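S.K.:
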Amino acid sequence: MSHELALEFLPSINLGQLCCPLCATLFEPWSTVALLDDGDVPMGYLCERCFMTGPHAAAQTMRERTLDLRGFVLRARTNLTQPAWLKLLLAMQERIDHWDLLADRVDQLSWWQLKGSDSDHGSAA
Ligand SMILES: [Zn+2]
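What the sequence shown shows, in our numbering, is residues 1192 to 1316, in sequence order.
See below:
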């Protein structure tokens, strides 16, 4: 059982346009895609930029995104009634916390790990 963030390389067959789970960039996959797994839970396909620039740069991009989201919530306050704004604040806070937490975890990686590379050496049948 692992709760590590790890990459799995898969052939991309008719996947169409993908959205990176870290920086939210839309991209067209190449012939091979890197699926980011959180333990046994697939999170999405990593874009080429996050893959090439590594976890620290990806974490930085995610933090910039949460800053943008916070700014958006603050600006929305002038256009919304108090109850509507509080509703927005609560909804966004959950997303922001999620991204901040994920950014922290990504930032702790020295580089992307391949899934299963540090555990058993199962034979491919
Ligand atoms: Zn990305």
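Every residue gets a Cβ at the ideal spot worked out from N, C-alpha and C, and that includes glycine.
A quick note: this is a predicted structure, and the numbers were derived from the prediction, not measured.
Do you know how far the Cα of L1280 is from the Cα of V1264?
M.R.: On the sequence shown, position 73 is the one that residue 1264 refers to. On the sequence shown, position 89 is the one that residue 1280 refers to. Answer to the nearest angstrom: the Cα atoms are 6 Å apart.
S.K.: Mapping DSSP to helix, strand and coil, what is C1241?
M.R.: Translated into the one-based positions of the sequence shown, residue 1241 becomes position 50. For C1241, the secondary structure class from DSSP, reduced to helix, strand or coil, is helix.
S.K.: Kindly examine ligand 1 and report whether one of its heavy atoms sits closer than 7 Å to the Cβ of L1305.
M.R.: Numbered from 1 along the sequence shown, position 114 holds the residue referred to as residue 1305. Checking the Cβ of L1305 against ligand 1 gives no.
S.K.: For D1231 and L1300, what's the separation of their Cα atoms in angstroms?
M.R.: Position 40 of the sequence shown, counted from the start, is the residue given in the question as residue 1231. Position 109 of the sequence shown, counted from the start, is the residue given in the question as residue 1300. Answer to the nearest angstrom: the Cα atoms are 18 Å apart.
S.K.: Taking the alpha carbon of Q1208 as the reference point, which residue from S1222, K1306, L1198 has its own alpha carbon closest?
M.R.: If you number the sequence shown from 1, residue 1208 lands on position 17. Nearest option by C-alpha distance: S1222.
S.K.: Among residues of its own chain, excluding the 5 on either side of C1210, which ones have a beta-carbon nearer than 6 Å to its beta-carbon?
M.R.: If you number the sequence shown from 1, residue 1210 lands on position 19. The answer, listed in chain order, is L1217.
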